[in-house]
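Some notes on the structure that comes next.
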Amino acid sequence: MAVDSTQGAGSEFYDIGKSLGGILRGLPEAWKMGLSRVTDNVYSVVVGAGPAGLMLSDCLARWGYHIKHIDNRPEPTPTGRADGLQPRTLDILRTMGLEADLMAHDPARVYEVAFWNLDRSSKNIVRTGTWATCPSFIDARYPFTALLHQGYVERVFIDDLRRKGVHIQRPWTIAGFESEEKNNPYYPVYVELKHVDGTAVEAVRAKYLFGGEGARSFIRQRLNICFQHIGPIEQVWGVMDGVVQTDFPDIKQLTVRTQMKCTIHSQHGPMLVIPREKNMVRFYVQIASCEESDWKSMKRLTKEQFQELAKKILHPYTIEWERVEWYSTYPIGQGISEKYSLDQRVFLGGDACHTHSVS
Numbered sequence: 001m002a003v004d005s006t007q008g009a010g011s012e013f014y015d016i017g018k019s020l021g022g023i024l025r026g027l028p029e030a031w032k033m034g035l036s037r038v039t040d041n042v043y044s045v046v047v048g049a050g051p052a053g054l055m056l057s058d059c060l061a062r063w064g065y066h067i068k069h070i071d072n073r074p075e076p077t078p079t080g081r082a083d084g085l086q087p088r089t090l091d092i093l094r095t096m097g098l099e100a101d102l103m104a105h106d107p108a109r110v111y112e113v114a115f116w117n118l119d120r121s122s123k124n125i126v127r128t129g130t131w132a133t134c135p136s137f138i139d140a141r142y143p144f145t146a147l148l149h150q151g152y153v154e155r156v157f158i159d160d161l162r163r164k165g166v167h168i169q170r171p172w173t174i175a176g177f178e179s180e181e182k183n184n185p186y187y188p189v190y191v192e193l194k195h196v197d198g199t200a201v202e203a204v205r206a207k208y209l210f211g212g213e214g215a216r217s218f219i220r221q222r223l224n225i226c227f228q229h230i231g232p233i234e235q236v237w238g239v240m241d242g243v244v245q246t247d248f249p250d251i252k253q254l255t256v257r258t259q260m261k262c263t264i265h266s267q268h269g270p271m272l273v274i275p276r277e278k279n280m281v282r283f284y285v286q287i288a289s290c291e292e293s294d295w296k297s298m299k300r301l302t303k304e305q306f307q308e309l310a311k312k313i314l315h316p317y318t319i320e321w322e323r324v325e326w327y328s329t330y331p332i333g334q335g336i337s338e339k340y341s342l343d344q345r346v347f348l349g350g351d352a353c354h355t356h357s358v359s
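Just so we're aligned, residue 1 is where the sequence shown starts under full-length UniProt numbering, counting upward by one.
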């Protein structure tokens, strides 16, 4: 099997017996010269330095395997993105000796979830119940969800990898790959890599290739693995991290170490309220779905429009933002990859194989 990023969606697959020259047909001459020689043999090439890829590399490095790890971003995540670590994840990080490094960033600790719904007038929201994050019948060392932005999680892994002699190669991306078990049983996966600005190229052979490069995974697409959507194809969500002043009772300032997460259903739409590190709060608001005629335009909702919508949802309570650290709107479809591997040599992980809305 061979895959070339320069080919269209209908022509990714080649017979194993085809030559490398045929696979590289259409690439610039400089590329062909640069890729004529394999520079390294590694146990695994890991593409994508989000939490999934970093966790894999850290485990492999602990077992002494030689890894090539690339990411197309010049730096780790600076703000925002995914933010929650569940009790069992904290258990695993403890066994890896990383729990203390993570908790040093002082994440919010959520022991309880509150549910808010409309009152009888259908105008205001009221708390209708609470539920423990980790029910008492579950034996957990950490009976809470730890919440902090993804960049802190990435840095914990990156620092640990550096101590083990593994460095993330940035900003590099994957250009193509092929798997030839019969021709090269020891290092069957041939991988073409390039610097994102096109100034450098590299070729390596590996026993395995892992794609952890997000929901738009190049590797998944080139393997022609179907991504099966569940429910509405897309929703548009807004997310904002910041420091606020509010009289909403379940947003507690960080003088209180045990925080509460809230799910709110109002006449103006749903909202999730999630405490964060450094006295911040995250707000998720579903601002549109594909069932609405103008849903695509809602992807351009401004920060100020988002804040006004949040104020309506929280009525009769009030809220003002002292500082906004991060804001984004994004469409998301709930779905799962029909396969996580095609031949047990090339694997998918993280958002490359599963996405869901925040609700």
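By construction, the Cβ of each residue, glycine as well, lies at the ideal position given by its N, Cα and C atoms.
Compare the C-alpha of residue 103 against each of 51, 244 and 147 and name the closest. Along the sequence shown, one-based indexing puts residue 103 at 103. Out of 51, 244 and 147, 147 has the C-alpha closest to the C-alpha of residue 103.
Return the CA-CA distance between residue 135 and residue 110, expressed in angstroms with no decimal places. Looking up residue 135 in the sequence shown gives position 135. Looking up residue 110 in the sequence shown gives position 110. Approximately 12 Å, taken between the alpha carbons.
Specify the secondary structure class of residue 218 as computed by DSSP and reduced to three states. Translated into the one-based positions of the sequence shown, residue 218 becomes position 218. Residue 218 falls in the helix class under three-state DSSP.
Based on the DSSP secondary-structure assignment, which residues constitute the bridge partners of residue 224? As a position in the sequence shown, residue 224 is number 224, starting the count at 1. DSSP lists no partner for residue 224.
My output table needs one value for residue 137: the three-state DSSP class, helix, strand or coil. By 1-based counting over the sequence shown, the position of residue 137 is 137. Residue 137 falls in the coil class under three-state DSSP.
Within the chosen definition, does the segment 217-233 reach the segment 326-343 through at least 3 CB pairs nearer than 8 Å? yes
Relative to the C-alpha of residue 114, which residue among 308, 107 and 259 is closest? Sequence index remark: in the sequence shown, residue 114 carries index 114 (1-based). It is 259 whose Cα lies nearest to the Cα of residue 114.
Where residue 170 falls: helix, strand or coil (DSSP): Residue mapping note: residue 170 aligns to position 170 of the sequence shown, counting from 1. Of the three classes helix, strand and coil, the one that applies to residue 170 here is coil, per DSSP.
Nearest-angstrom Cα separation, counted from residue 122 out to residue 92: For this step, residue 92 is matched to residue 92 along the sequence shown. For this step, residue 122 is matched to residue 122 along the sequence shown. Rounded to whole angstroms, the separation of the alpha carbons of residue 122 and residue 92 is 44 Å.
Residue 216 classed as buried or exposed, judged by whether at least 16 other C-beta atoms fall within 10 angstroms: Residue 216 sits at position 216 when you count from the first residue of the sequence shown. Per the 10 Å Cβ criterion, exposed.
Simplified DSSP assignment, three categories, for residue 142: For the purposes of this step, residue 142 is taken as the residue at position 142 of the sequence shown. In this structure, residue 142 counts as coil in the three-state DSSP scheme.
Expressed to the nearest angstrom, what Euclidean distance is found between the alpha-carbon atoms of residue 306 and residue 327? Within the sequence shown, residue 306 is the residue found at index 306, counting from 1. Within the sequence shown, residue 327 is the residue found at index 327, counting from 1. Spanning the two alpha carbons is a distance of roughly 9 Å.
For residue 44 and residue 166, which I take to be in contact (beta-carbon distance under 8 Å), what is that distance rounded to the nearest angstrom? The count along the sequence shown starts at 1 and reaches residue 44 at position 44. The count along the sequence shown starts at 1 and reaches residue 166 at position 166. Taking C-beta atoms under 8 Å as the contact rule, residue 44 and residue 166 fail to qualify, at a distance of about 11 Å.
Measuring straight from C-alpha to C-alpha, what distance separates residue 84 and residue 37? Residue numbering aside, residue 84 sits at position 84 when the sequence shown is read from its first letter. Residue numbering aside, residue 37 sits at position 37 when the sequence shown is read from its first letter. Their Cα atoms are separated by approximately 43 Å.
In angstroms with no decimal places, state the Cα-to-Cα distance between residue 304 and residue 64. As a working mapping, residue 304 is identified with position 304 in the sequence shown. As a working mapping, residue 64 is identified with position 64 in the sequence shown. Those two C-alpha atoms are separated by around 50 Å.
For residue 311, which of 330, 280, 264 and 97 has the nearest alpha-carbon? The sequence position of residue 311 within the sequence shown is 311, counting from 1. Ranking 330, 280, 264 and 97 by Cα distance to residue 311 puts 264 first.
Of the listed residues 320, 239 and 284, nearest to residue 247 (C-alpha basis): Looking up residue 247 in the sequence shown gives position 247. When each option's Cα is compared against that of residue 247, the closest is 320.
Reduced DSSP secondary structure (H/G/I, E/B, other) of residue 287: Here residue 287 is taken as the residue at index 287 of the sequence shown, counted from 1. Strand, per DSSP.
Reduced DSSP secondary structure (H/G/I, E/B, other) of residue 345: Counting from one through the sequence shown, the residue named residue 345 turns up at place 345. Correct three-state label for residue 345: coil.
Residue 116 versus 107, 141, 127 and 347, residue with shortest Cα-Cα distance: Here residue 116 refers to the residue found at position 116 when the sequence shown is read from its first residue. Measuring from the Cα of residue 116, the nearest candidate turns out to be 127.
Are the CB atoms of residue 168 and residue 352 nearer to each other than 7 Å? For the purposes of this step, residue 168 is taken as residue 168 along the sequence shown, with counting starting at 1. For the purposes of this step, residue 352 is taken as residue 352 along the sequence shown, with counting starting at 1. Result no, Cβ atoms of residue 168 and residue 352 do not sit closer than 7 Å.
Do residue 196 and residue 279 come within 7 Å of each other at the CB atom, strictly closer than that value? Start at 1 with the first residue of the sequence shown, and residue 279 comes out as number 279. Start at 1 with the first residue of the sequence shown, and residue 196 comes out as number 196. No Cβ-Cβ contact shorter than 7 Å links residue 279 with residue 196.
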